[in-house]
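K.L.:
Under the numbering used here, the sequence shown has 378 at position 210, and the numbering climbs by one with no breaks.
Ideal Cβ placement from N, Cα and C applies to all residues, glycine included.
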Amino acid sequence: MYQTFRQRKQLCVSPIWERSRYIVEKRIARKVTPDEDGMMLGKFLRFCMSLSKKEISRSKFLENGICVNGERKKVTAVLKAEDIVEVRLGAGEDTSPQLRSSEKELNILYEDGDVIVLNKPAGLSVHPAGRKSWEGDTLANRLAFYLRNKGEDSIIRIFGRLDKDTSGVVLAAKSRAAAGRLEGQRENGILKKTYLAVCQGVPPEKEGEICALLAPVPEDRRRMRVSEDGKSAKTHYQVLKTWEDSREPEDEGVCGGQGRSRRRSRYSLVRLRLETGRMHQIRVHMAYIGCPLLGDPLYGKGLHWDTGRTEEPKETGLIGRTALHAAELAFFQPFTGKELRISAPVPKDIARILEFVVE
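#1: Measure the beta-carbon distance from Ser-433 to Lys-409 and round it to whole angstroms, keeping in mind my assumption that it falls under 8 Å.
#2: Near Asp-397, what residues of its chain come up, given a Cβ to Cβ distance below 6 Å and the 5 sequence neighbours on each side ignored?
#3: Under three-state DSSP, which class holds Gln-406?
#4: Which residue from Asp-388, Leu-219, Arg-441 and Arg-391 puts its Cα closest to that of Glu-404?
#5: From what residue to what residue does the beta strand (DSSP E) around Gly-233 run?
#6: So, is Ala-249 buried or exposed, given that buried needs 16 or more other C-beta atoms within 10 angstroms?
#7: Would you check if the segment 333 to 350 and the segment 216 to 228 touch, i.e. whether three or more CB-CB distances between them fall below 8 Å?
#8: Could you give the distance in angstroms between the alpha-carbon of Lys-402 and the alpha-carbon of Gly-238?
#9: CB Leu-277 to CB Ala-495, shorter than 8 Å?
#10: Would DSSP call Arg-551 helix, strand or coil?
#11: Nearest CA to the CA of Pro-289: which residue from Gln-449, Leu-274 and Pro-296?
#12: Measuring only the C-alpha atoms, how far is Arg-310 from Lys-272?
#13: What is the DSSP secondary structure of Arg-389, counted as helix, strand or coil?
#14: So is Leu-339 in contact with chain C if we call contact Cβ pairs under 8 Å?
#15: Ile-276 lies in the beta strand (DSSP E); which residues open and close that run?
#16: Got a sec? Which residues, its chain only, sit under 7 Å from Leu-381 by beta carbon, not counting five neighbours each side?
#17: Could you compute how far the alpha carbon of His-448 sits from the alpha carbon of Ile-326?
#18: Please list, in chain order, all residues of the same chain as Ala-340 whose beta carbon is under 8 Å from its beta carbon, the five residues on each side excluded.
#19: Might you give, ordered along the chain, the residues of its own chain that have their beta carbon closer than 7 Å to the beta carbon of Lys-360, omitting 5 neighbours on each side?
#20: Report all residues from its chain with a CB closer than 6 Å to the CB of Arg-451; omit the five preceding and five following residues, and keep chain order.
#21: Drop a sphere of 10 angstroms on the beta-carbon of Gly-336, count the other beta-carbons inside from all chains shown, and report buried for 16 or more, exposed for fewer.
#22: I need the boundaries of the beta strand (DSSP E) containing Ile-284, first residue and last residue.
#23: Tell me which residues share the same chain as Ser-227 and place their Cβ nearer than 8 Å to its Cβ, disregarding the 5 neighbours each side in the sequence.
#24: Whole angstroms is fine: what's the gap from His-493's alpha carbon to Leu-364's?
#25: Thinking C-beta only, is Val-366 closer than 8 Å to Val-407?
#26: Would you give the residue range spanned by the beta strand (DSSP E) that His-493 belongs to?
#27: Name the residue from Glu-387, Gln-368, Arg-489 and Thr-334 whose alpha carbon lies nearest to the alpha carbon of Thr-362.
#28: Quick one: using the 10 Å Cβ neighbour count with 16 as the cut-off for buried, is Arg-509 buried or exposed?
#29: Name the DSSP bridge partner or partners of Thr-362?
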């Protein structure tokens, strides 16, 4: 029986470093265990060494890219117990456009020689966009300045783009080798991110999953919709708190107490986890079940918590953005196998909303 990743991670990934200013390359080695005897090399690379399909494909074309006991092998080779599998993970030169450094603040939650985890504030884009985008202020620009200031000419790859309005954890790899390993974790469902959202309305169940196909809106491809012609998308949710807006009066009716009464608006704090990573997936799925995110201008009512007005809230208001926060990231260090669980504190604007919770 094949071992779980938690068991495999302790066995042995031994990195061999080769560094220059523009090249970052690693070789990783792994011994085949008795439980893995008879496994095909390609499957071993994917599920026992957590390599992505792209990374395996790239290594196949490198000189001595994939070897078993020192001999180059095809991915169709059958392995035996005690075989040593060695893979060369080439990096190559960074041919991406040059990011102009931004000296503004960078909130670092975790860093080692291979990865860095950041806490992105709401209102900051992750990547540049537009004709002169490489000169702007984005999370990528700030990270470029930070690494260059440390003397690191790293090839940056950011995993899991967050919308501009969304705050929270963002993971970046410092080399192609690290990026390939993390991509393998993402493909195998090992790399996981948990979100917190404030919703207008309460989901039908305390816990559940939303399975609804998503596709771009034909007339506006910046937006998504639920469609039978879309791609698969699954969102898991758990309701943590529900409350009513205590500032709203609860009408007793009209005409001497007769007529329809108006109930206070209901809200919920929801924890969410994605099995797929479609654009705007959480926002569209929650709106689909009648619980749009508070402040969402595309898929919700676009209302802010302070007064219910659609314009920007005043300084006394509580939130003026889509109430979504990437709260936690769980993954394994790409070369040591150490389990990492990184959390980003709840931002002040969402925390202020929760002060109004009525148990």
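P.N.:
Once the coordinates are examined:
#1: By one-based count along the sequence shown, residue 433 stands at place 265. By one-based count along the sequence shown, residue 409 stands at place 241. About 15 Å; that fails the 8 Å criterion.
#2: Position 229 of the sequence shown, counted from the first residue, corresponds to residue 397. Only Ala-383 meet the Cβ criterion.
#3: Position 238 of the sequence shown, counted from the first residue, corresponds to residue 406. Strand.
#4: For the purposes of this step, residue 404 is taken as the residue at position 236 of the sequence shown. Here the sequence assigns His to residue 404, which means Glu is not the residue at that position. It is Arg-441.
#5: Sequence index remark: in the sequence shown, residue 233 carries index 65 (1-based). In the DSSP assignment, Gly-233 falls outside any beta strand (DSSP E) and carries neither an H nor an E.
#6: Start at 1 with the first residue of the sequence shown, and residue 249 comes out as number 81. Under this definition Ala-249 is an exposed residue.
#7: The segment 216 to 228 vs the segment 333 to 350: in contact.
#8: Within the sequence shown, numbered from 1, the residue matching residue 402 stands at position 234. Within the sequence shown, numbered from 1, the residue matching residue 238 stands at position 70. Whole-angstrom Cα-Cα distance: 43 Å.
#9: Against the sequence shown, residue 277 aligns to sequence position 109. Against the sequence shown, residue 495 aligns to sequence position 327. With contacts defined as CB atoms closer than 8 Å, Leu-277 and Ala-495 fail to qualify as a contacting pair.
#10: With the chain covering only 169 through 527, there is no way to say anything about residue 551.
#11: On the sequence shown, position 121 is the one that residue 289 refers to. Looking only at Gln-449, Leu-274 and Pro-296, the smallest Cα-Cα distance to Pro-289 is reached by Leu-274.
#12: For this step, residue 310 is matched to residue 142 along the sequence shown. For this step, residue 272 is matched to residue 104 along the sequence shown. Rounded to the nearest angstrom, the two C-alpha atoms are 6 Å apart.
#13: Here residue 389 is taken as the residue at index 221 of the sequence shown, counted from 1. Under the three-state reduction of DSSP output, Arg-389 falls in the strand class.
#14: In the structure shown, chain C does not exist; there is a single protein chain.
#15: To locate residue 276, count along the sequence shown from 1; it is residue 108. Per DSSP, Ile-276 belongs to the beta strand (DSSP E) from 276 to 279.
#16: As a first step, residue 381 must be located in the sequence shown, where it is residue number 213. Closer than 7 Å at Cβ, skipping near neighbours: Val-394, Ser-395, Glu-396, Gly-398, Lys-399, Ser-400 and Ala-401.
#17: What you label residue 448 is simply residue 280 of the sequence shown in a count that begins at 1. What you label residue 326 is simply residue 158 of the sequence shown in a count that begins at 1. Distance between the alpha carbons of His-448 and Ile-326 is about 18 Å.
#18: For this step, residue 340 is matched to residue 172 along the sequence shown. Same-chain partners within the cutoff: Val-283, Ile-284, Val-285, Leu-286, Leu-311, Ile-324, Arg-325, Ile-326 and Phe-327.
#19: Walking along the sequence shown from the start, residue 360 turns up at place 192. Arg-441 and Ala-498.
#20: Translated into the one-based positions of the sequence shown, residue 451 becomes position 283. Cβ within range, chain order: Leu-461, Asp-464 and Tyr-467.
#21: Counting from one through the sequence shown, the residue named residue 336 turns up at place 168. Under this definition Gly-336 is a buried residue.
#22: Taking the sequence shown and counting its residues from 1, one reaches residue 284 at position 116. For Ile-284, the enclosing beta strand (DSSP E) begins and ends at 283 to 288.
#23: To locate residue 227, count along the sequence shown from 1; it is residue 59. Answer for Ser-227: Leu-219, Gly-233, Ile-234, Val-255, Arg-256, Leu-257 and Gly-258, listed in chain order.
#24: Counting from 1 along the sequence shown, the entry for residue 493 is found at position 325. Counting from 1 along the sequence shown, the entry for residue 364 is found at position 196. Their Cα atoms are separated by approximately 5 Å.
#25: Along the sequence shown, one-based indexing puts residue 407 at 239. Along the sequence shown, one-based indexing puts residue 366 at 198. Remark: C-beta atoms of Val-407 and Val-366 do not approach each other more closely than 8 Å.
#26: Within the sequence shown, the letter at position 325 stands for residue 493. Looking at the DSSP string, the run of the beta strand (DSSP E) that includes His-493 is 492 to 500.
#27: Reading the sequence shown from its first residue, position 194 is the one you call residue 362. With distances taken between CA atoms, Thr-362 lies nearest to Thr-334 out of Glu-387, Gln-368, Arg-489 and Thr-334.
#28: Along the sequence shown, read from residue 1 onward, the residue named residue 509 stands at position 341. Looking at its Cβ environment, which holds fewer than 16 other Cβ atoms inside 10 Å, Arg-509 is exposed.
#29: For the purposes of this step, residue 362 is identified with residue 194 of the sequence shown, where counting begins at 1. DSSP lists Arg-441 and Glu-496 as the bridge partner or partners of Thr-362.
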